[in-house]
Amino acid sequence: MTAPRHLFSGHRKYWAHRFGVAPMLPTSRAQLDALGWDSCDVVLVTGDAYVDHPSFGMALVGRLLEAHGFRVGIVAQPPWQDPTAFMALGRPNLFFGITAGNMDSMVNRYTSDRRIRRDDAYSPDAAPGLRPDRAVLVYAQRCREAFAGVPIVIGGIEASLRRIAHYDYWSDKVRRSVLLDARADLLVYGNGERAVVEIAHRLGRGEDVASIQDLRGTAFVRRERPEGFFEIDSTELDAPGPVAAHPDPYAHTAVHRSGPGAWRRSAASRP
Numbered sequence: 675m676t677a678p679r680h681l682f683s684g685h686r687k688y689w690a691h692r693f694g695v696a697p698m699l700p701t702s703r704a705q706l707d708a709l710g711w712d713s714c715d716v717v718l719v720t721g722d723a724y725v726d727h728p729s730f731g732m733a734l735v736g737r738l739l740e741a742h743g744f745r746v747g748i749v750a751q752p753p754w755q756d757p758t759a760f761m762a763l764g765r766p767n768l769f770f771g772i773t774a775g776n777m778d779s780m781v782n783r784y785t786s787d788r789r790i791r792r793d794d795a796y797s798p799d800a801a802p803g804l805r806p807d808r809a810v811l812v813y814a815q816r817c818r819e820a821f822a823g824v825p826i827v828i829g830g831i832e833a834s835l836r837r838i839a840h841y842d843y844w845s846d847k848v849r850r851s852v853l854l855d856a857r858a859d860l861l862v863y864g865n866g867e868r869a870v871v872e873i874a875h876r877l878g879r880g881e882d883v884a885s886i887q888d889l890r891g892t893a894f895v896r897r898e899r900p901e902g903f904f905e906i907d908s909t910e911l912d913a914p915g916p917v918a919a920h921p922d923p924y925a926h927t928a929v930h931r932s933g934p935g936a937w938r939r940s941a942a943s944r945p
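Set out below in structure tokens:
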């Protein structure tokens, strides 16, 4: 029996694996210096606190990238009013990875009645207000202000559910793709571990982020229509089927015997 092929066996470890495994992914310049790193290859920005446990998505992604040899730093719940906090780890060599956190930032902050929540399960001491509304958009903007020209890759549940035009409950209107508003280079949706590792290796080999258009589980903005592209109105293809009356689940049928060998059926409805 042959051994199963490893999911990531197609890549050699990045050269920075020589630095070894960090006790904790660095979150400050002092921690970066203590590890002997001059820079990070990837900087992950998240709206959650940094807890080095796989229940926190960015910690898991960070450790996975580290296992492939990349030097990874985390900027967790940064003050978003200016770009200073986003400069804490310096300019990343490959890209910024941005997520709102384990929860959609709007769901995290507001109830279904649009009232502000009093706590945040993914913040220290459940303190609320440590992440902005529409965190992916805000973080992407601040990363561009901090280091222009660095590729920006967005992901997580907030970006995944907004990768195409969508109805936004909070503003009660249809909004366009978050890719356009965030002006990100790539959007990773769903379980993004394999896609993120592939992006890191390809950028590490010197590929232009704009050329990464063949990766499963990613979305990007196409500037022009490809040759042979045509648009079909789905309303011309799909038509509603017959609408049948909905059966009453509380109605029941009783069977009565009215004579020898004879049965009759009567329907009884709910009271």
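Going by the numbering used here, the residue at position 6 of the sequence shown is 680; the numbering climbs one at a time, nothing skipped. C-beta: ideal position from N, C-alpha, C; glycine also. Keep in mind the model is a prediction, meaning the values are calculated, not measured.
Sequence-distant residues of its chain with Cβ nearer than 7 Å to residue i (five each side left out)
{"i": "D949", "result": "In the structure as shown, the chain starts at 675 and stops at 945, and residue 949 therefore has no counterpart that could be examined."}
{"i": "S834", "result": "Y863, G864"}
{"i": "A750", "result": "T701, T720, D722, A723, Y724"}
{"i": "K687", "result": "H742, G743"}
{"i": "P728", "result": "L734"}
{"i": "R816", "result": "W754, P757, F760"}
C-alpha gap between residue i and residue j, whole angstroms
{"i": "D882", "j": "E819", "result": "21 Å"}
{"i": "R857", "j": "R896", "result": "12 Å"}
{"i": "Y843", "j": "R837", "result": "16 Å"}
{"i": "A941", "j": "A925", "result": "The predicted model places A941 with a pLDDT of 49, which falls under 50 and marks its position as unreliable, so this point remains unresolved."}
{"i": "V852", "j": "L811", "result": "8 Å"}
{"i": "D907", "j": "Y841", "result": "19 Å"}
{"i": "D859", "j": "P766", "result": "15 Å"}
Counted within 10 angstroms of its Cβ, other Cβ atoms place residue i as buried (16 or more) or exposed
{"i": "S797", "result": "buried"}
{"i": "F769", "result": "buried"}
{"i": "I772", "result": "buried"}
{"i": "R905", "result": "It is worth fixing the name first, because residue 905 is Glu in this sequence and not Arg. It is exposed - the Cβ of E905 has fewer than 16 other Cβ atoms within 10 Å."}
{"i": "F744", "result": "buried"}
{"i": "E910", "result": "exposed"}
{"i": "D846", "result": "exposed"}
{"i": "P921", "result": "exposed"}
Residues near residue i in its chain [Cβ-Cβ closer than 8 Å; skip 5 each side]
{"i": "E740", "result": "V695, A696, L699, V746"}
Interface flag, residue i vs chain C, CB-CB below 9 Å
{"i": "L811", "result": "Absent from the structure is chain C; it holds one protein chain and no more."}
Cβ-Cβ distance between residue i and residue j below 9 Å
{"i": "I826", "j": "V862", "result": "no"}
{"i": "G830", "j": "G731", "result": "yes"}
{"i": "E872", "j": "H691", "result": "no"}
{"i": "R805", "j": "A762", "result": "no"}
Sequence-distant residues of its chain with Cβ nearer than 6 Å to residue i (five each side left out)
{"i": "G775", "result": "T720, G721, D722, Y796"}
beta-carbon residue i near the ligand NAP non-hydrogen atom, thresh 8 Å
{"i": "A913", "result": "Because no ligand of any kind appears in the structure shown, any question about the ligand NAP cannot be addressed here."}
Item to check | Every unbroken alpha helix (DSSP H) within the segment 806-834, with a cutoff of 4 residues, ordered by chain | outcome: 809-820, 830-834
Checklist entry - What runs of the beta strand (DSSP E), each 3 residues or longer, lie entirely inside the segment 683-713? => result none
Next on the checklist: Which runs of the beta strand (DSSP E) at least 3 residues long sit entirely within the segment 851-916? Give them in chain order.
Outcome noted: 860-862
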